[in-house]
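Enquirer:
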Amino acid sequence: MTTVQTVVTVAVIALGTMLTRFAPFLVLRSRELPPWVAYLGKTLPCAVMGLLVVYCLKNVDLTSHPFGIPELASVAVVAALHVWKRSTLLSIAGGTALYMLLIRLV
Amino acid sequence: MHKKAIRAAFRSTIPVLTGYAFLGLAYGVLMSGAGHPFWLTLLVSLFVYAGSMQYAAVSVLAAPFNPVGVLVLTLMINARHLFYGVSMLREYRAAGKYAPYLIFSLTDETFSVNISACVPDGVPRPVFYFWTSALDQLYWVAASVLGALAGNLITFDTTGIDFVMTALFVSIVTGQWLDSKEHRPALAGICGSLVCLAVFGADDFILPAMAVIVLALLAMRRPIERKEAENA
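Line by line, the protein sequences are chains X and P. Numbering-wise (my numbering), the first sequence opens with residue 7 and increments by one. Numbering-wise (my numbering), the second sequence opens with residue 206 and increments by one.
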């Protein structure tokens with residue numbers, strides 16, 4: 007690609023990304039939110055976090071060694087630490103340390 | 206006001222700082238390894254600012270010019286942002302002059318921090334959101350440029366540190382679960398995504414999962430709103 011084509015490509019990627027971020031706000035710019043959109047606005051935050059977790063783990067292979075053990079064990083430890091102490095930093099540090107250890111050991 | 210907001214925003218974004226530091230560095234290394242000049246890394250991190258798309262764009266930028274294909278690819282990879290916008294509609298529409306930047310910078314991680322944050326007393330929510338968003342982008346831009354310029358100087362093994370992002374999301378799911386009596390939306394998100402992952406595979410499951418989640422939520426609207434009215 008020439009430099010101009012490179013910059014145009016970056017602009018297209020930026021435009022596409024912005025479309026996905028601004029679309030809900032542009033579509034519903036000045037109107038009162040329809041009740042079903044307001045309902046989605048309340049329920050989607052929990053649902054989309056579940057999607058994000060699955061998205062992070064999508065390439066884990068359960069059928070061959072190490073059978074997803076580092077990922078699943080570390081996720082369980084993050085959740086358990088969080089139930090116990092409710093400290094985001096502790097949960098993340100504990101789970102990540104365990105993960106980095108497990109991928110080197112298992 | 207801004208001082209207090211910056212301090213609170215920094216505390217809330219420490220997990221993102223860790224994750225972006227390493228993922229941003231790795232991105233910069235990847236870009237310079239692919240032969241891209243460092244100003245291109247800076248340009249992309251400033252104006253695209255979307256982690257997974259930027260990783261995909263490393264090879265896109267080395268391929269023949271194809272703007273239409275690139276646009277379609279971008280929309281597909283980033284379609285999940287639509288959900289963040291819908292979730293933030295009320296809060297961000299009320300954010301006045303901060304709204305455009307808040308919407309521009311709505312990454313997975315910034316969304317996660319802002320949807321789950323405890324905003325301190327005396328700090329307007331839009332100001333807090335602005336600083337979490339700006340700090341997150343600062344971490345990302347700084348790390349990716351550093352990676353592009355000097356990434357090959359890192360010699361210790363950081364494999365697995367990117368798990369901080371997964372851990373951040375898991376801790377937020379757990380917190381949401383503990384804070385809410387209504388678990389059906391979370392279950393719809395997790396189960397719908399897992400089923401679509403099994404059916405469509407890792408590369409193609411996001412769009413079907415989004416459709417399944419919206420349909421499941423709309424199908425459960427009546428019982429969920431009834432339960433909410435009972436608890437109110």
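The beta-carbon is built from N, C-alpha and C at its ideal position, and this holds for glycine as well. Remember, it's a predicted structure, so these values are computed and weren't measured experimentally.
Thinking just about the alpha-carbon of each residue, which of P/Arg426, P/Pro413, P/Thr364 and P/Leu340 is nearest to the one in P/Ile219?
Expert: P/Leu340
Enquirer: Report the rounded CA-to-CA distance for P/Phe215 versus P/Tyr254, giving the unit in angstroms.
Expert: The alpha-carbon atoms of P/Phe215 and P/Tyr254 are separated by roughly 19 Å.
Enquirer: So which residues of chain X does P/Met370 contact, with C-beta pairs closer than 7 Å?
Expert: Using a Cβ-Cβ cut-off of 7 Å, P/Met370 is close to Cys62 of chain X, given in chain order.
Enquirer: Quick one: list the residues of chain P neighbouring X/His88, beta-carbon separation under 7 Å, in chain order.
Expert: Going along chain P in sequence order, the residues near X/His88 (Cβ under 7 Å) are Ser376, Thr379 and Gly380.
Enquirer: What residues of chain X sit near P/Arg285, judged by a beta carbon separation below 9 Å?
Expert: Thr26, Val54, Leu57, Leu58 and Tyr61
Enquirer: Could you tell me the distance, in whole angstroms, from the CA atom of P/Pro325 to the CA atom of P/Ala300?
Expert: 17 Å
Enquirer: With 7 Å as the C-beta to C-beta threshold (strictly closer), list the residues of the segment 244–263 of chain P near chain X in chain order.
Expert: Leu245, Leu248, Val249, Phe252, Val253, Ala255, Met258 and Ala262
Enquirer: Can you tell me whether X/Leu68 is buried or exposed, with buried defined as 16 or more other CB within 10 angstroms of its CB?
Expert: exposed
Enquirer: Is it right to say X/Ser97 is buried, meaning 16 or more other beta carbons lie within 10 angstroms of its own, or is it exposed?
Expert: Buried, because 16 or more other Cβ atoms sit within 10 Å of the Cβ of X/Ser97.
Enquirer: Quick one, which of P/Ala284, P/Glu430 and P/Val417 has its alpha-carbon nearest X/Leu21's?
Expert: P/Ala284
Enquirer: Which residue from P/Met425, P/Ser317, P/Tyr303 and P/Ile308 puts its Cα closest to that of P/Pro329?
Expert: P/Tyr303
Enquirer: Interface residues of chain P around X/Thr49 at Cβ under 7 Å?
Expert: In chain order: Pro390, Leu422 and Ile429.
Enquirer: The alpha helix (DSSP H) spanning X/Ser97 covers which residue range?
Expert: Thr94 to Leu111
Enquirer: Near P/Gly240, what residues of its chain come up, given a Cβ to Cβ distance below 8 Å and the 5 sequence neighbours on each side ignored?
Expert: Ala267
Enquirer: Counting only Cβ-Cβ distances shorter than 7 Å, please list the residues of the segment 206–231 of chain P near chain X, keeping chain order.
Expert: Ile219 and Pro220
Enquirer: My guess is that P/Tyr225 and P/Ala348 are in contact by the Cβ rule of under 8 Å, so how many angstroms apart are they, rounded?
Expert: 6 Å
Enquirer: Less than 7 Å between the C-beta atoms of P/Pro390 and X/Cys52, yes or no?
Expert: yes
Enquirer: Looking at the structure shown, is P/Val440 part of a helix, part of a strand, or coil, going by DSSP?
Expert: Because chain P is modelled from 206 through 437, residue 440 of chain P falls outside the range shown and cannot be assessed.
Enquirer: Look at the alpha carbon of P/Ser317 and the alpha carbon of P/Val249, and state the distance between them as a whole number of angstroms.
Expert: 22 Å
Enquirer: So with Cβ pairs under 7 Å, would you call P/Ala407 a contact of chain X?
Expert: yes
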